[in-house]
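Written out below as C-alpha cells is the structure these notes cover.
Numbering (our numbering), first residue to last: 683 to 1123.
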C-alpha cells in the first residue's frame, strides 16, 4: 500500500504542480497585460513597478527598453522563449544571469507592432516539485493513514481468516495416538477453503481412528488367542502328563516286584491309560483342524434321521428322542455326528438315569436339544464349560472319563456351521441347545 500510495502521490503531485504552474502563469500574464497596452499606446516607462521577481521588455532590435528596478542595466536574460511561431510561451529556466543559482518561472509574451515584434519577459519564483509544504504534508499524512488502515484491515481479516487454522493446529497438537475424539473444529463458514481443509482433515483422522481401533482390536484378539494357546498348551500338557505318569508309576512298581505283579491287571490299567491318551490326542487333532479352518463337506442332513441313527447305540442311561420330521440343514454330516456324540457322551456322564433328545424347527432355524436329569450347571458356569480342558469341580467324579475337549469341539463345529451352541434354562439337569439355519426344501 505504501508503494502504491507513493506512485499515486507522484502522479498527483505531477498533476497538481502542472496545475499550479498554469495558475501561476495566468497570474503573471494578468500582471503583464497592462505593459502590453502601454506598448500599444507607446507610453512604456523606462522603469516598471511590479511585485513579480522581474520584468524585461525587448524591442524589435533586441534591446532592453524597459525593466523592473532590480533588472535595470542588465542584458536580456533569455532567448529560449518564446519559441518560433508562438505568441505566448511559459518555461521553467535555471541559471539566468540576474538570478544565479535559482530557477524561475518565465512567461514570454510576443507583442506584434508595425515596426517589428516586441517581447515581454516576466520572471517569478518557480513552483517546487512538492508544490507547497501543505501539499507535501497532506500527501504524507494520506499515505500513512491509508497504509495504517490497510494494515489494520488486512491484519483483522487475516487474523479472523486464520483463527480456524490456529484452532485446527492447536487441536492437532493435542491429539495423541491413543486418545479418542480425533477431530478438528470446522469453521462456521462451510464454503471456504479452510472449512474444506478441516473436513478433509476430519475424514483423514476418522480413517486413522478406525485403523487404530481395528489395529487395537486385532492386537487384543491376537493377545487373547496367544493367551488361549498358552493356556491350551498348558492344559494339554497337564492332561497328557497325567495318564503317562500313571502308566510310569504302574510299570515302575511292577518292575520293583515282578514276582508279585499282576501282569493281567497291569495290562488292563495301561490299556485304559492308552485309550485316554488316544482320546485326548484325537480331540486335539480335531480342534487343530477346526482352528485351521479345515474345509467342510456341505451336504443335505436330516437332523431327525441323524439323531435316530446315533441314539441306537447302547448307552448306560436311557435315551428318549422327540423328533419333528423334515428338519433339514446343510452341513458336514461327520462333523454334526461328532457334535451330537459329544453332547450325548457329556449327558451320559452327568445324567442320573435319563437323556432326552429333541429335534424341531423354530422359524428359519433348526433346533437340537440334549437334556439330562443330572445336577445341572449353574448360570455363572455355563460359558466356562466350553473352555478347553475344563471340568467343573463338582462333577469331576462323574466326569472322570472325559477329556475336557468334547464341549469345546461341539461349539467349534456349531460355529463352523453358522450356528450356536449354548446352555439354556431347564427345570432339571443341563439343557444344551444347538441352533443353526434350517434348509428350505
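The beta-carbon is built from N, C-alpha and C at its ideal position, and this holds for glycine as well.
Bear in mind the structure is a predicted one, so any value in this text is a computation, not a measurement.
### Query
Are residue 1058 and residue 1108 closer than 8 Å when you measure CB to CB?
Taking the first residue of the chain shown as 1, we reach residue 1058 at position 376. Taking the first residue of the chain shown as 1, we reach residue 1108 at position 426. In this structure, residue 1108 lies closer than 8 Å to residue 1058 by Cβ.
### Task
Assign residue 1147 to buried or exposed, taking buried as 16 or more other Cβ atoms, counted over all protein chains shown, within 10 Å of its Cβ.
Because residue 1147 is not part of the residues shown, which for the chain are 683 to 1123, the question remains open.
### Query
According to the Cβ coordinates, are residue 695 and residue 825 closer than 8 Å?
Reading the chain shown from its first residue, position 13 is the one you call residue 695. Reading the chain shown from its first residue, position 143 is the one you call residue 825. No, the pair does not count as a contact, with Cβ atoms beyond the cut-off.
### Task
Evaluate the contact criterion for the region 1088-1103 versus the region 1017-1030: three or more CB pairs, one atom per stretch, below 8 Å.
yes
### Query
Would you call the region 1098-1114 and the region 996-1007 in contact, with 3 or more CB pairs under 8 Å?
no
### Task
Determine the contact status of residue 1029 and residue 1052, defining contact as a CB-CB distance below 8 Å.
Translated into the one-based positions of the chain shown, residue 1029 becomes position 347. Translated into the one-based positions of the chain shown, residue 1052 becomes position 370. Contact: yes.
### Message
Quick check: the Cα distance between residue 705 and residue 875, rounded to an integer number of angstroms?
### Response
Mapped onto the chain shown, residue 705 falls at position 23. Mapped onto the chain shown, residue 875 falls at position 193. Whole-angstrom Cα-Cα distance: 55 Å.
#### Entry: Neighbourhood of residue 1078 by C-beta, 8 Å cutoff - its chain only, sequence neighbours within 5 removed
The sequence position of residue 1078 within the chain shown is 396, counting from 1. Unreliable placement is indicated for residue 1078, whose pLDDT of 45 sits below 50; no coordinate value is reported for it.
### Query
Is it buried or exposed for residue 1066, if we count other Cβ within 10 angstroms and need 16 for buried?
One-based indexing of the chain shown puts residue 1066 at position 384. Under this definition residue 1066 is an exposed residue.
### Task
Inspect the CB distances between the region 1116-1123 and the region 1032-1051 and report whether three or more fall short of 8 Å.
yes
### Message
Please list the terminal residues of the continuous alpha helix (DSSP H) segment that includes residue 838.
### Response
The residue given as residue 838 occupies position 156 in the chain shown. Here the alpha helix (DSSP H) through residue 838 covers 815-856.
### Query
Within 10 angstroms of its Cβ, does residue 1041 collect 16 or more other Cβ (buried), or is it exposed?
For the purposes of this step, residue 1041 is taken as the residue at position 359 of the chain shown. Classification of residue 1041: buried, given that the 10 Å Cβ count is 16 or more.
#### Entry: Reference residue 700; option with closest CA among 733, 787 and 719
Position 18 of the chain shown holds residue 700. Nearest option by C-alpha distance: 787.
#### Entry: Check whether residue 1068 and residue 1087 have beta carbons under 8 Å apart
Counted from its first residue, the chain shown places residue 1068 at position 386. Counted from its first residue, the chain shown places residue 1087 at position 405. No; because the gap between Cβ atoms is not below 8 Å, this pair is not in contact.
### Message
My parser needs the beta strand (DSSP E) runs of 3 or more residues fully inside the region 1036-1065; what are they?
### Response
1036-1044 and 1047-1054
### Task
Sort 709, 768, 797 and 837 by Cα distance to residue 744 and report the nearest one.
Here residue 744 is taken as the residue at index 62 of the chain shown, counted from 1. It is 797.
### Query
So what does residue 801 bridge to, in DSSP terms?
Position 119 of the chain shown, counted from the start, is the residue given in the question as residue 801. DSSP lists 740 and 792 as partners of residue 801.
### Query
Across which residues does DSSP place residue 1118 in a beta bridge pair?
Start at 1 with the first residue of the chain shown, and residue 1118 comes out as number 436. BP columns for residue 1118 point to 1048.
### Query
With distances taken from CA atoms, which of 734, 717, 804 and 816 is nearest residue 760?
Position 78 of the chain shown, counted from the first residue, corresponds to residue 760. Here the closest residue by C-alpha is 804.
### Task
Decide yes or no for the touch test of the region 923-934 against the region 949-969: beta carbon pairs closer than 8 Å, at least 3 of them.
yes
### Query
Taking 8 Å as the CB-CB cut-off, is residue 742 touching chain C?
Given the protein chain composition of this structure (a single chain), no chain C is represented.
### Task
Starting from residue 781, follow its DSSP beta bridges and name the residues at the other end.
Taking the first residue of the chain shown as position 1, residue 781 is located at position 99. Beta-bridge annotation (DSSP): residue 781 is paired with 778.
### Task
Put residue 980 into one of helix, strand or coil per three-state DSSP.
For the purposes of this step, residue 980 is identified with residue 298 of the chain shown, where counting begins at 1. In the structure shown, residue 980 sits in coil (DSSP, three-state: anything other than H, G, I, E or B).
### Query
Is it a yes or a no for the region 829-839 touching the region 730-737, going by three-plus beta-carbon pairs under 8 Å?
Segments in contact, no.
#### Entry: Limits of the alpha helix (DSSP H) - the one that residue 705 falls within
Counted from its first residue, the chain shown places residue 705 at position 23. 684-723 is the span of the alpha helix (DSSP H), which, as asked, contains residue 705.
### Query
What is the residue span of the alpha helix (DSSP H) that residue 1019 lies within?
Residue mapping note: residue 1019 aligns to position 337 of the chain shown, counting from 1. Counting along the chain, the alpha helix (DSSP H) containing residue 1019 begins and ends at 1015-1032.
### Message
Is the beta carbon of residue 855 closer than 8 Å to that of residue 866?
### Response
Against the chain shown, residue 866 aligns to sequence position 184. Against the chain shown, residue 855 aligns to sequence position 173. Going by C-beta atoms, residue 866 is not nearer than 8 Å to residue 855.
### Task
Name the residue from 806, 1100, 709 and 802 whose alpha carbon lies nearest to the alpha carbon of residue 1012.
Translated into positions along the chain shown, residue 1012 becomes position 330. It is 1100 whose Cα lies nearest to the Cα of residue 1012.
### Query
Which residues mark the beginning and the end of the beta strand (DSSP E) in which residue 1106 is found?
Within the chain shown, the letter at position 424 stands for residue 1106. Residue 1106 -> beta strand (DSSP E) spans 1102-1106.
### Contacting residues, own chain, Cβ-Cβ under 8 Å from residue 683 (five flanking each side not counted)
Here residue 683 corresponds to residue number 1 of the chain shown, with the count starting at 1. 828, 829, 832 and 833.
### Query
Of the choices 986, 869 and 977, whose alpha-carbon is the least far from that of residue 844?
As a working note, residue 844 is residue 162 in the chain shown. Comparing Cα positions, the closest option is 869.
### Message
Rounding to the nearest angstrom, what Cα-Cα distance links residue 1102 and residue 1096 in this structure?
### Response
Counting from 1 along the chain shown, the entry for residue 1102 is found at position 420. Counting from 1 along the chain shown, the entry for residue 1096 is found at position 414. One C-alpha to the other measures close to 6 Å.
### Query
Does the distance from the CB of residue 739 to the CB of residue 763 come in under 8 Å?
Counted from its first residue, the chain shown places residue 739 at position 57. Counted from its first residue, the chain shown places residue 763 at position 81. No. Outside cutoff.
### Query
What residue from 753, 795, 847 and 800 has the CA that sits closest to residue 778's CA?
Start at 1 with the first residue of the chain shown, and residue 778 comes out as number 96. Looking at the Cα atoms, 753 is the closest of the given residues.
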